[in-house]
């Protein structure tokens, strides 16, 4: 068992990867979700993506989200 790493890095991808498979969520709700995740102590949270809203409408508003978190 000594081959296990001493540290792991947890990267939360729900606000980006998880929400892109759901119906669009409001910017306010995304900001609340991301802030709540941050409050748990997570240090890395993928919060959005700069992709065309034509192709991935769930990621529309990412720039605004980044400004609010």
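In the numbering used here, the protein residues as written are 570 to 638.
Glycine included, C-beta positions come from ideal geometry on N, C-alpha and C.
Simplified DSSP state of residue i, which is helix, strand or coil
{"i": "residue 591", "result": "coil"}
{"i": "residue 629", "result": "coil"}
{"i": "residue 638", "result": "coil"}
Contact check, residue i vs residue j, beta carbons under 8 Å
{"i": "residue 596", "j": "residue 614", "result": "no"}
{"i": "residue 651", "j": "residue 637", "result": "Look at the range of the chain in this structure, 570 to 638, and you will see that residue 651 is not part of it."}
{"i": "residue 632", "j": "residue 622", "result": "no"}
{"i": "residue 612", "j": "residue 634", "result": "no"}
Residues bridged to residue i (per DSSP)
{"i": "residue 581", "result": "614"}
First through last residue of the alpha helix (DSSP H) which encompasses residue i
{"i": "residue 601", "result": "596-608"}
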